[in-house]
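Colleague: Please see the structure below; I have some questions.
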Ligand SMILES: Cc1cc2nc3c(=O)[nH]c(=O)nc-3n(C[C@H](O)[C@H](O)[C@H](O)COP(=O)(O)OP(=O)(O)OC[C@H]3O[C@@H](n4cnc5c(N)ncnc54)[C@H](O)[C@@H]3O)c2cc1C
Ligand SMILES: Cc1cc2nc3c(=O)[nH]c(=O)nc-3n(C[C@H](O)[C@H](O)[C@H](O)COP(=O)(O)OP(=O)(O)OC[C@H]3O[C@@H](n4cnc5c(N)ncnc54)[C@H](O)[C@@H]3O)c2cc1C
Ligand code: SF4
Ligand code: SF4
Ligand code: SF4
Ligand code: SF4
Ligand code: SF4
Ligand code: SF4
Ligand code: SF4
Ligand code: SF4
């Protein structure tokens, strides 16, 4: 897909992954501008509804990022995130959306490089998968 | 009860006394050791390089034989055979890719599934026969002798194949106690005898034998009991060389645990192969 | 409230402006629904920048502010403060991070600008639905609970009590004192442990502000920061302490001897006992497991000899409840059992002992009166090996961490041994010598230079007994030589492990423990004495292996954290907590499962189950909200609707 | 003023909704007494043209059940919308898509292939599938178009009220009719049922343990179900927490878990996503730090057909509406 | 070279912190020219020749004593084998089979011979 630039919504928890993204900035690491971060307190605040909403509104990929297991600022929120994302991936697959479009990563506050690499890899992968374009296809099914 | 038995090379030659005493003892306990048909050399030492698959074929082929002949476990007497077969088996079960390759190396054999259990006679005696049952069959009182149990390396290490705790094993002691003999607390029971260095670095083996046998004697043992033909050779036959170097050194008989069992269970001593022992365990033979 | 939002875009010098076209952002946001004002400025956080925001709020009657600038981590507080100076609720101000998350990481000016616009829009969407909030206030019970009466607990209790607040100290043993009471002399100054500890123990025993529950354990905890309720089990001691005067006749006459825990099994105590002569409180307890009367129904000698009628065989465990506002956990450590080290004999050899046993051998009040004699035959050992890192720094088989104190105490041991047995030969086997405290390295140097302690760098591989001597197989890694060392006694520097009951305790207190069983601090550097549960603090070896100076420092730090709390009238809590709409909640209970802080409970109202939020406990993670299947909960200022609108805004 | 005029119509549904009107028993007579039924093809002989001739707004209330699956249904829905003052989406299919909405996991050609070719009991050697237009002996026969995607009623025409349920429970219907007759109409778009989830009225709710944690997922036929205990506490997936109450706990009382026919409560955007969220939240959360990712995956894999389970009645009404190709 | 050894032995040689416990328990250490921990050390500091030329790798009896005691979980037995193999695969035998005396050949048990050939010849 030539020239296709995927759109990514990145839900980041305040304590680890948002801070990692901050650090990427402070360290002047370079990333492609394909993503926008939305900050939640904990990755466990991310409701699967938000993820579907993002896909529906034109996201090609959704990243959910949180603290490493065992390091959650809120003790164990990220274990819930893990479960929700894993189950949602299965549902997405059944709905014909490649589960790779939803990505869960554990990124510690110090792992700015991991943040950068995660986005880079995600962009590459999404480029291969091509655009999702749900809005356009919303009323697809050639009704009428 | 029949159990498949893998002898390995040395049990058919130098260590015939190990084999015949084991057969006798097992018969007495109501078990038959059925020698595996068409067994081949296990390789004696387990190959340890990540890319060395070919040397794992030989041990695995023996396990295939067990399968072919309708068995699902195999017992060994020699600690080295035990170690090699068991390590190969563990490896086979832990690496799917290697497993497929090994199977493809053996095209005339059936595919092996990793499902043959490799046992050493000591564990069979503990888990299947039961030390209690052995104890009930003891007919000769042996409470006058003190025994130094000697495990060597390969029954206890590495941990993936060990039959007991590497530092504080007890299985042989438990057996010996069931036989009514006293054991010494022998710190060198899990020390290495020098193994195959007996071919090209005799000095090493002489040193080891000097220490191991020396300490056993120091601690009051009358006899050392082993479970491996190579340990047996190094600890027993090499005593001659030790003596040459250290004239004050006093010799000590070294026998197989099966021989001691035979004596305790009342097998006539002439059937226990003591003629192959270089240092005769007089305390036992003159019962 | 009709939104009247002002957007203030910062250049941050050239930090933002060089990559993001700030003017374009302002233009793009001007017409955005809800936005009534937008402008840019070179340094928003500067005084003139803040003044600009303040005056615009007044001029344009703004009821919401978005500052597009650096990360909220840096200046959220600054700008919220700014807006509140002119009467705007601080929670109506939010930061759009267009520096760290945009200008600094991108190079394409056009795309970076577009992205910045999206970020700003999403924050505008958030502010639109932000409520005006006030911090939540929570009342505090100004009384503290300290669990564990080692030096950590003692220090913390005294600090708080001396500041004028009540302290409840719970110690599971008959006496306070912990391990420090067992020590002989302490590195690096070699002052006598008892001499410096005993006065503190006595002070605790007599302090009007300290209520000491010895021989007691925490049974249950409920409540939350500032308002805990703790249930304490007072274990039956079978001695009425109010009658007992501590004469000790019962102990003299009791026929049953058992190994003394305090003396590390080197001598015995009676079935009715005080653990050591300086115990506080100095009242005996009957050890039910070993008491003849409890075992066989016969004896009762103690009862007969006690002229004060203090023996009470029918005593039962009792429970008391206390209300406290803060808790310090100081449950200390144990030594890793020698039995786990097979290659060193696994506890088989009497003369292979651990460090605390050697402390007792060195102690003037110990079983040998401070003369070093080996346990097997009471002979004075002429050569003693001290082995470090036993069970520590061994990720493969035992504990991965360094136990921190053993290098130092083994050095101390070698030195004190030399003092007691001048012709003795101490040999220390080590891998690295860790002597990083004040005066520690000098202490080790003294052992080497003045006491001529032999240090051999190499880990002992095996220890066995031969003819009453202990043989150590080792190497000197510095010379590359194998060694076989024969000694009379071996002291093992066993790993420090957490007190065994701490796992259960941590569950009751809902605090975290790490992979090795030590209590987890809230932040390894910046919040080293707090747990993640507000109001619960930690100190001493319960947290990690440490020596007495560090323990005391941490205990005082924990105490000062408690005092910081107690110095406030009420506690202030972030208001971004979960809320429940009772008209929607079906009482399904999912949120209760999800909350890591126990902030959610089901209440029965008019026969129906509904969930409620304990605002003091809620830390605002939002897990329950995402999990609520009925959409009955929301998070203040991070409502579903806000997040959905933000998602839509960034994808426009 | 004469009696209010009611119309009933049936789109893509099983017909249960029509049955349920009859289930009102003697109450139906009261209703019939108070209203004029001007259109009810299933019970009374009316034709499309009878409606076509009506004036705009002549019908007071049109109750339409069933999802929109064909062009004819769409036309009828539009026609009724034109003629009716109020349109009530009647039952789960009209409101959410319902069971027919599960077709959105496939495309039309798959469905035709399956129904007309692959079903074992079908003998169709020529592989004939329905065509919209067929010419035969010079005559032109037409069928309504069979759409690729099933839609809810409100995705086709504006809907004023919803009566949820599969089928809607009689007392809710009576309530709704009475409300309409009294003219005490709530805000447009309201679902005429309680806005709390089913657990609220479920007799099993009190049996829940303080912390719900599913260690092993079981399907109803795999276990003997305790008739008193909350299904979730038994490891059986129950959608009660994410489903509106008001059904009278029909399934629960039959010792079956709730499948979600009443749809979500009003604050929920997507019933299936919320189901994912809450079910995942309680999967093996006891000792969660000890479970490896693989173990969690195993547990999750025990949910057979998660999308079908969570969206059983609501796929067309969900955010994504259908499977994407 | 260290990478080759790591690959063949599947052991992380960088984990070794030179405690010497392996050497301390090694039955053969007295006859070795460099101690087992030094074998790793030389690899860590990039002096493979020391290791390739040493006697240690040949005198090692593959007894696994070091392996079960290493606090860092390094299976040194496999490390020794890996280095031996690097040599053997260059066709550098440690012993010359022809030079083994008749005496030895007939007296030692088969397993000793087979093992010897396996470990010391290509
Ligand atoms: C051999 C040896 C020598 C040492 N020498 C020195 C030295 O010379 N200098 C130096 O600075 N440091 C030395 N230390 C370290 C020193 O012992 C510790 O730093 C110090 O004792 C830690 O104090 P603590 O209060 O944290 O723990 P502890 O002393 O272990 O006290 C914990 C207390 O809590 C109680 N407790 C445990 N669990 C519970 C429960 N569930 N409920 C109620 N109570 C409970 C225990 O009974 C105990 O009284 C040495 C350590 C050892 C092992
Ligand atoms: C190279 C290096 C790396 C380190 N890495 C780490 C690490 O990774 N992790 C870690 O935990 N620790 C690390 N540390 C240690 C860490 O830096 C210190 O623990 C910490 O900075 C100490 O803080 P401080 O406030 O005591 O002292 P400082 O940071 O030195 O602060 C003292 C302040 O006082 C001011 N000051 C001095 N004299 C006066 C005076 N007379 N009047 C007024 N002001 C005065 C100074 O200007 C200074 O601002 C590292 C240290 C070094 C050297
Ligand atoms: S009754 Fe128990 S405590 Fe009292 S003297 Fe007897 S044994 Fe000792
Ligand atoms: S303090 Fe010293 S002896 Fe103790 S574990 Fe650390 S390095 Fe080893
Ligand atoms: S999860 Fe929601 S519906 Fe369920 S009890 Fe909690 S607040 Fe109520
Ligand atoms: S937001 Fe988090 S802390 Fe607050 S009640 Fe919900 S789960 Fe508990
Ligand atoms: S989950 Fe199902 S069974 Fe349990 S209380 Fe809710 S509706 Fe009832
Ligand atoms: S229990 Fe659930 S599926 Fe059954 S009728 Fe009620 S709402 Fe529908
Ligand atoms: S025992 Fe292990 S860590 Fe210690 S020197 Fe040997 S290989 Fe290295
Ligand atoms: S395996 Fe080799 S290096 Fe290790 S202890 Fe045995 S002889 Fe020594």
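Residue numbers (our numbering), protein chains in the order written: chain L, 315 to 458; chain B, 208 to 494; chain F, 6 to 657; chain G, 1412 to 1736; chain C, 108 to 229.
A virtual CB, placed ideally from N, CA and C, is assigned to each residue, including glycine.
It should be emphasised that the depicted structure is a prediction, and the values quoted were computed from it without experimental measurement.
1) Is residue 160 of chain C helix, strand or coil when you go by DSSP?
2) What did DSSP end up calling residue 393 of chain F once you bin it into helix, strand or coil?
3) According to DSSP, is residue 324 of chain B helix, strand or coil?
4) Tell me, please, which residues DSSP counts as bridged to residue 355 of chain B.
5) Are the beta-carbon atoms belonging to residue 1617 of chain G and residue 597 of chain F less than 8 angstroms from one another?
6) Which residues of the region 628 to 654 of chain F have a Cβ closer than 8 angstroms to any Cβ of chain L? Give them in chain order.
7) Report the rounded CA-to-CA distance for residue 328 of chain B versus residue 227 of chain B, giving the unit in angstroms.
8) In the structure shown, what three-state DSSP assignment does residue 1732 of chain G receive?
9) Please look up how many angstroms separate the CB atoms of residue 390 of chain F and residue 432 of chain F, rounded, as I've assumed it's under 8 angstroms.
10) Identify, in the order they occur along the chain, each residue of the same chain with its Cβ nearer than 8 angstroms to the Cβ of residue 655 of chain F, setting aside the five sequence neighbours on each side.
11) What does residue 347 of chain F reach in chain B if we use C-beta pairs closer than 8 angstroms?
12) Whole angstroms is fine: what's the gap from residue 245 of chain F's alpha carbon to residue 215 of chain F's?
13) If you compare alpha carbons, which of F/155, F/73, F/234 is closest to residue 540 of chain F?
14) Is the Cβ-Cβ distance between residue 1669 of chain G and residue 1609 of chain G less than 8 angstroms?
15) Could you pull the DSSP bridge partners for residue 15 of chain F from this structure?
16) Would you say residue 185 of chain C faces chain F, with C-beta separation under 8 angstroms as the test?
17) Are any of the Cβ atoms in chain B nearer than 8 angstroms to that of residue 220 of chain F?
18) Closer than 8 angstroms between beta carbons: that is the criterion. Which residues of the region 296 to 315 of chain B meet it against chain C?
19) Report the option in F/31, F/75, F/180, F/460 whose CA atom is closest to the CA atom of residue 278 of chain F.
20) Which whole runs of the alpha helix (DSSP H) in the region 352 to 415 of chain B are 4 residues long or more, in chain order?
21) So which of B/380, B/286, B/312 has the shortest CA-CA distance to residue 431 of chain B?
22) For residue 1553 of chain G, which residues of its own chain have a beta-carbon under 6 angstroms away from its beta-carbon, when the five flanking residues on both sides are left out?
23) For the region 381 to 398 of chain L against the region 420 to 435 of chain L, do three or more pairs of beta-carbon atoms, one drawn from each stretch, fall closer than 8 angstroms, so that the two count as touching?
24) CB-CB under 7 angstroms to residue 331 of chain L, same chain, minus the five flanking residues each way: which ones, in chain order?
25) Would you kindly work out how many angstroms separate the C-alpha atoms of residue 436 of chain L and residue 375 of chain L, rounded to a whole number?
26) Which residues, in order along the region 394 to 411 of chain L, keep a beta-carbon less than 7 angstroms from a beta-carbon of chain G?
27) Nearest by alpha-carbon distance to residue 516 of chain B: which of B/376, B/310, B/304, B/233 is it?
28) For residue 1439 of chain G, collect the residues of the same chain with a Cβ closer than 8 angstroms to its Cβ; drop the 5 residues on either side in sequence, then sort them by chain order.
29) Hey, residue 449 of chain B and residue 456 of chain B: beta-carbon distance below 8 angstroms or not?
30) Would you report the Cα separation of residue 1673 of chain G and residue 1513 of chain G, rounded to the nearest angstrom?
31) What residue range does the alpha helix (DSSP H) around residue 262 of chain B cover?
32) Can you give, in chain order, each stretch of the beta strand (DSSP E) that sits fully within the region 151 to 217 of chain F and has at least 3 residues?
33) Does the region 1521 to 1536 of chain G come close enough to the region 1485 to 1495 of chain G to have 3 or more Cβ pairs within less than 8 angstroms?
34) Buried or exposed for residue 1593 of chain G, please, with buried defined as at least 16 other CB atoms from any protein chain shown within 10 angstroms of its CB.
Modeller: The relevant details are as follows:
1) It is coil, neither helix nor strand.
2) If DSSP states are grouped into helix, strand and coil, residue 393 of chain F belongs with the strands.
3) Assignment of residue 324 of chain B by DSSP, reduced to helix, strand and coil, places it in the strand class.
4) Per DSSP, B/431.
5) Not in contact: residue 1617 of chain G and residue 597 of chain F (Cβ atoms no closer than 8 angstroms).
6) Flagged, chain order: 628, 630, 631, 632, 640, 643, 645, 648, 649, 651, 652, 653.
7) Spanning the two alpha carbons is a distance of roughly 13 angstroms.
8) Three-state result, residue 1732 of chain G: coil.
9) Rounded, the Cβ-Cβ distance is 5 angstroms, consistent with contact.
10) Apart from the 5 residues on each side of it in sequence, residue 655 of chain F sits with its Cβ closer than 8 angstroms to the Cβ of 123, 124, 126, 127 in its chain, given in chain order.
11) Simply 372, 373, 374, 375.
12) Near 21 angstroms, if we compare the C-alpha coordinates of residue 215 of chain F and residue 245 of chain F.
13) Nearest option by C-alpha distance: F/234.
14) In this structure, residue 1609 of chain G lies closer than 8 angstroms to residue 1669 of chain G by Cβ.
15) F/46.
16) Not one chain F Cβ lies under 8 angstroms of residue 185 of chain C.
17) It does not; no Cβ of chain B falls within 8 angstroms.
18) The residues in question: there are none.
19) Cα-wise, what sits closest to residue 278 of chain F is F/180.
20) Within the region 352 to 415 of chain B, the runs of alpha helix (DSSP H) that reach at least 4 residues and sit entirely inside it are, in chain order, 378 to 385, 404 to 407.
21) Across the set B/380, B/286, B/312, the C-alpha of B/380 shows the shortest separation from the C-alpha of residue 431 of chain B.
22) Within the same chain, 1544 come within 6 angstroms of residue 1553 of chain G by CB-CB distance, once the 5 residues on both sides are set aside.
23) With three or more CB-CB distances shorter than 8 angstroms, the region 381 to 398 of chain L counts as touching the region 420 to 435 of chain L.
24) These residues qualify, in order along the chain: 379, 380, 421, 429.
25) The alpha-carbon atoms of residue 436 of chain L and residue 375 of chain L are separated by roughly 8 angstroms.
26) Residues are counted here when their Cβ sits less than 7 angstroms from a Cβ of chain G; for the region 394 to 411 of chain L these are 394, 396, 397, 398, 400, 401, 402, 404, 405, 408, 409, 410, 411, given in chain order.
27) Residue 516 of chain B lies beyond the residue range present for chain B, which begins at 208 and ends at 494; the question has no answer from this structure.
28) Apart from sequence neighbours up to five positions away, the residues of its chain that approach residue 1439 of chain G with a beta-carbon distance below 8 angstroms are 1432, 1433, ordered along the chain.
29) In contact: residue 449 of chain B and residue 456 of chain B (Cβ atoms closer than 8 angstroms).
30) Near 16 angstroms, if we compare the C-alpha coordinates of residue 1513 of chain G and residue 1673 of chain G.
31) 261 to 275 is the span of the alpha helix (DSSP H), which, as asked, contains residue 262 of chain B.
32) Here the runs fully enclosed are 171 to 175.
33) Look at the beta carbons and you see the region 1521 to 1536 of chain G not touching the region 1485 to 1495 of chain G: under three pairs across the two are nearer than 8 angstroms.
34) That one is exposed.
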